[in-house]
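There are 2 protein chains.
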Amino acid sequence: MTAKQGKKKAQPVTMATIARIAGVTPSTVSRAFNHPELISPETVERIMEAVRLTGYVPNLVAGGLASNRSRSLAAIVPSITNIIYAAFVQNFVVNVRERGYQVMLMESGFSRQTEQELVATALGRRPEGFLLTGVNHSNACRRQLLAADVPVIEAWDLTESPIDICVGFSHAGAAKAAARHLVGRGYRSVAIATMDDERALRRRDAFLAELRAAGIAHPREVTLPGGPTLGKGRQALARLLAEQADDTADTAIFCSSDVIAHGIMIEAQSRGLSVPGDLGVMGFGDQEFAADLNPALTTIRIDRAALGARAAEAMMARIDGREDVERRIDIGFEVIDRASLLAR
Amino acid sequence: MTAKQGKKKAQPVTMATIARIAGVTPSTVSRAFNHPELISPETVERIMEAVRLTGYVPNLVAGGLASNRSRSLAAIVPSITNIIYAAFVQNFVVNVRERGYQVMLMESGFSRQTEQELVATALGRRPEGFLLTGVNHSNACRRQLLAADVPVIEAWDLTESPIDICVGFSHAGAAKAAARHLVGRGYRSVAIATMDDERALRRRDAFLAELRAAGIAHPREVTLPGGPTLGKGRQALARLLAEQADDTADTAIFCSSDVIAHGIMIEAQSRGLSVPGDLGVMGFGDQEFAADLNPALTTIRIDRAALGARAAEAMMARIDGREDVERRIDIGFEVIDRASLLAR
DNA sequence: TTGAAAGCGCTAACAT
DNA sequence: ATGTTAGCGCTTTCAA
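Sequences listed follow chains R and Y, in order. Sequential numbering of the first sequence, starting at 0, is according to numbering that gives the first Met the number 0. Sequential numbering of the second sequence, starting at 0, is according to numbering that gives the first Met the number 0.
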């Protein structure tokens, strides 16, 4: 509108524009934004006035190039549509935003290969740090990350040898706690319905081992590929029932996800089986809906908000150059005892 | 490792490094990446060899500054943890990725004020386009977007006067279709359980109007604040029942979300009410779980994958400078008839 | 098909 | 407290 000289294209307002209007040099404008304490209040005010006047928005990509600080972070999760990861990453995003960081969110689909490709792509934008899911990455991926020499937070899992920092909980520990809880409830016939992703399988192994240790002989098992859905939960029970049609009584099923547990409860209901009367069900994750099911679902709570917040905190600490950061942050888990198991 | 001269900090490999190794100038390297057809195959090969050797990753922020093309897009959705929006945006992301675009995903929490702040922040990174949710934005927001002079896709809703392009469906139309479906099924006693976000309220209004037109006098109504949860669905039925304890028979409830519908089904079950026998339930969205409920949920399907894909398509068309793009893309909706209503 | 040169919009020593 | 001066790592005319 106010294009002077009627030039073809309205030339964009840059820091130089602001400097001219405020009667200072660009460096002063830059300082007014980044280190206002170095500039006299009056000058800052004049500059801000010019900013208001023009609607100037500092170009962060230019700034990033000059300062070698992109103020961006890369986050790679297995799935954005899985609320488990969405809630976690959301908390991470909110926490780093407060510090002026923008996150580029990417989805690996549980594939190490994809993860690696995403890391490579992300690297092009020079993020100042990476948030990864899990601790199992391809060698190429680790190599690239190491070469980039930026903080790397591995979330959702714990390892003795993180790339940089890991924040999560012991999947084996959680699964063992589940097994003990079931055994403690008096269940001697136990089954497991599990997704086939790495962490779920790790839980399965620990769960089975703990059962064996408790003298429970032949736990039934059904593995479900891909992401958890109600439909897969229903199938899981259907399959389990097909295998041992006669006696489900006194059986409890541990699921790798609350969603699967929920599906099992629906299938049970549709077959006239009562939970927990005819069948005990235990979930994993303590999603929002777990307490609202009927019966309310016994499950294992993972504090996803804390996970995101701690990851953000660790990331910021590293970016600030602090070396005193814990390299292995355990957020723990908690067995949440509700009504979907028999109390004996 | 191979830091020559034992200098303090291993200086990063840039385009100049590659140029030196390949025996060409930086401009040739740049062309090899962006316009390989202008370069002799042998030269390209030598350059790629140097890239492999060094693990060079082009700096997109420098490139973006030089070319004034950030190859990034901003997307603002009300909530990332609501699967409805997550699925939509996921499809958008996947589709623009294929074209080399990275998206910065932000969450407005259904607040116009927040949305505007996010737009302002995003602008600093000079995205080449914006994906917004809904068609209702603050004036400041519209102004900024207009000033930025980039493509803006407004999704999930349709309007006669989009900022640039809108892709969505008629919420009024969908709600009316729901009302007609219920009336067609013979329901004369109808209730609505709705969230309080803008689009849900728009559906409610249209739903109520259509009922009125059909001569249905006093539909009961319960409004639920915030995001949809199973718990809120349960509460909704509890409240409805508290108001008309005597006769729920022959009543159908239309919900603004499948999740609410699901909660209502759970509450009904816990009270010994049969669906659809004692109570009809209709959802909205056709989420993945809807078909797996017991009874399967009658609902209105919104093709979220198509929504994301069409939005991406429109965005890319605009970025390519095509002017022939439809400004108002209707993806429609579909009544999905399942078992949660009585068939009379 | 390739090179030379001039910037993109900003930041960060180094001066003053 | 502010100005000067070099870049940051790339792209893109314009030449050759």
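A virtual CB, placed ideally from N, CA and C, is assigned to each residue, including glycine. All values derive from a computational prediction rather than experimental measurement.
Report the option in the options whose CA atom is closest to the CA atom of residue i.
| i | options | result |
| --- | --- | --- |
| Thr13 (chain R) | R:Glu36, R:Arg45, R:Asn58 | R:Asn58 |
| Pro11 (chain Y) | R:Met103, R:Ser107, R:Arg125 | R:Arg125 |
| Glu333 (chain Y) | Y:Leu272, Y:Glu36, Y:Thr298 | Y:Thr298 |
| Asp336 (chain Y) | Y:Cys165, Y:Pro161, Y:His180 | Y:His180 |
| Ala342 (chain R) | R:Leu210, R:Arg184, R:Cys165 | R:Arg184 |
| Gln286 (chain Y) | Y:Ser29, Y:Ser256, Y:Glu266 | Y:Ser256 |
| Pro161 (chain R) | R:Ala248, R:Thr53, R:Leu144, R:Lys175 | R:Leu144 |
| Asp163 (chain Y) | Y:Leu340, Y:Ala338, Y:Ala316 | Y:Ala316 |
| Tyr84 (chain R) | Y:Val88, Y:Ala121, Y:Ile79, Y:Gly172 | Y:Ile79 |
| Phe206 (chain R) | R:Asp196, R:Ala174, R:Leu200, R:Met47 | R:Ala174 |
| Ile152 (chain R) | R:Arg68, R:Pro77, R:Met314 | R:Met314 |
| Gln89 (chain R) | R:Leu340, R:Ala338, R:Ile318, R:Leu306 | R:Leu306 |
| Gln101 (chain Y) | Y:Leu122, Y:Ala73, Y:Phe87 | Y:Ala73 |
| Gly167 (chain Y) | Y:Ala338, Y:Ser339, Y:Leu340, Y:Gly331 | Y:Gly331 |
| Val76 (chain R) | R:Glu114, R:Thr42, R:Val43 | R:Glu114 |
| His170 (chain R) | R:Arg300, R:Thr27, R:Glu36 | R:Arg300 |
For residue i, go through chain R and note every residue whose CB falls closer than 8 Å to its CB, in chain order.
| i | result |
| --- | --- |
| Thr228 (chain Y) | Glu287, Phe288, Asp291 |
| Ser69 (chain Y) | Val60 |
| Ile265 (chain Y) | Asp291, Leu292, Asn293 |
For the alpha helix (DSSP H) containing residue i, list its first residue and its last residue.
| i | result |
| --- | --- |
| Leu240 (chain R) | 229-242 |
| Gly183 (chain Y) | 170-183 |
| Glu44 (chain Y) | 40-53 |
| Arg219 (chain Y) | Careful: Arg219 (chain Y) lies outside any alpha helix (DSSP H), inside the beta strand (DSSP E) at 219-223. |
| Ile83 (chain Y) | 82-96 |
| Thr16 (chain Y) | 14-21 |
| Val28 (chain Y) | 25-33 |
| Ala146 (chain R) | 138-147 |
| Val60 (chain R) | 59-66 |
| Leu122 (chain R) | 111-122 |
Below 9 Å on C-beta distance, what does residue i contact in chain Y?
| i | result |
| --- | --- |
| Glu106 (chain R) | Gln89, Val92, Val93 |
| Val43 (chain R) | Within 9 Å Cβ-Cβ: nothing; Val43 (chain R) doesn't reach chain Y, min ~19 Å. |
| Gln243 (chain R) | Within 9 Å Cβ-Cβ: nothing; Gln243 (chain R) doesn't reach chain Y, min ~22 Å. |
| Arg233 (chain R) | Asp291, Asn293 |
| Gln268 (chain R) | Gln268, Asn293 |
| Ile17 (chain R) | In chain order: nothing, as chain Y lies at least about 14 Å away. |
Who are the neighbours of residue i on chain Y, taking C-beta pairs under 7 Å?
| i | result |
| --- | --- |
| Leu59 (chain R) | Gly123, Arg124 |
| Ala308 (chain R) | What Ala308 (chain R) touches in chain Y: nothing, since even the nearest Cβ is about 15 Å away. |
Identify the residues that DSSP records as bridge partners of residue i: which are they?
| i | result |
| --- | --- |
| Ile259 (chain R) | Looking at the DSSP assignment, Ile259 (chain R) forms no beta bridge with any residue, so it has no partner. |
| Gly279 (chain R) | R:Ala251 |
| Ser409 (chain R) | Since the first residue shown for chain R is 0 and the last is 343, residue 409 (chain R) is missing from the structure and cannot be characterised. |
| Ile335 (chain Y) | Y:Thr298 |
| Val166 (chain R) | R:Ala154, R:Ile328 |
| Leu130 (chain Y) | Y:Ala74, Y:Ile152 |
| Val346 (chain R) | No statement about residue 346 (chain R) is possible, as the shown extent of chain R runs from 0 to 343 and does not include it. |
| Met194 (chain R) | R:Leu223 |
Show which residues of chain R have a CB atom less than 7 Å away from the CB atom of residue i.
| i | result |
| --- | --- |
| Gly63 (chain Y) | Val60 |
| Met103 (chain Y) | Gln101, Met103 |
| Ala338 (chain Y) | What Ala338 (chain Y) touches in chain R: nothing, since even the nearest Cβ is about 11 Å away. |
| Gly262 (chain Y) | Asp291 |
At what residues does the beta strand (DSSP E) containing residue i begin and finish?
| i | result |
| --- | --- |
| Ile318 (chain Y) | Run containing Ile318 (chain Y): none in the beta strand (DSSP E); it sits in the alpha helix (DSSP H), 303-318. |
| Asp329 (chain R) | 327-329 |
| Arg300 (chain R) | 298-300 |
| Gln101 (chain R) | 101-106 |
| Phe206 (chain Y) | Per DSSP, Phe206 (chain Y) belongs to no beta strand (DSSP E); it is in the alpha helix (DSSP H), 197-212. |
| Glu153 (chain R) | 151-154 |
Name the chain R residues whose beta carbon is nearer than 9 Å to that of residue i?
| i | result |
| --- | --- |
| Ala86 (chain Y) | Ile79, Thr80 |
| Ala49 (chain Y) | Here the premise fails: no neighbours, minimum Cβ distance about 16 Å. |
So with CB distances below 8 Å, who are the chain Y contacts of residue i?
| i | result |
| --- | --- |
| Gln112 (chain R) | Near Gln112 (chain R) there are no residues of chain Y at all, since even the closest Cβ is about 15 Å away, more than 8 Å. |
| Ala146 (chain R) | Gly54 |
| Ala119 (chain R) | Val56 |
- Message: With a threshold of 8 Å, are at least 3 pairs of Cβ atoms found where one atom belongs to the segment 180-197 of chain R and the other to the segment 212-223 of chain R?
- Response: yes
- Message: Quick test of the definition: if touching needs 3 or more C-beta pairs under 8 Å, does the segment 310-326 of chain Y touch the segment 101-113 of chain Y?
- Response: no
- Message: Could you check whether the segment 150-165 of chain Y touches the segment 134-141 of chain Y, counting it as contact only if at least three pairs of C-beta atoms, one from each stretch, sit closer than 8 Å?
- Response: yes
- Using 8 Å as the threshold, is the segment 170-180 of chain R in touch with the segment 279-287 of chain R, meaning 3 or more CB pairs across them? yes
- Query: With a cut-off of 8 Å, do at least 3 Cβ pairs link the segment 48-65 of chain Y to the segment 19-38 of chain Y?
  - Reply: yes
- Query: Three or more beta-carbon pairs under 8 Å between the segment 304-311 of chain Y and the segment 94-102 of chain Y, yes or no?
  - Reply: yes
- Segment contact flag, the segment 199-217 of chain Y with the segment 61-69 of chain Y, C-beta cutoff 8 Å, min 3 pairs: no
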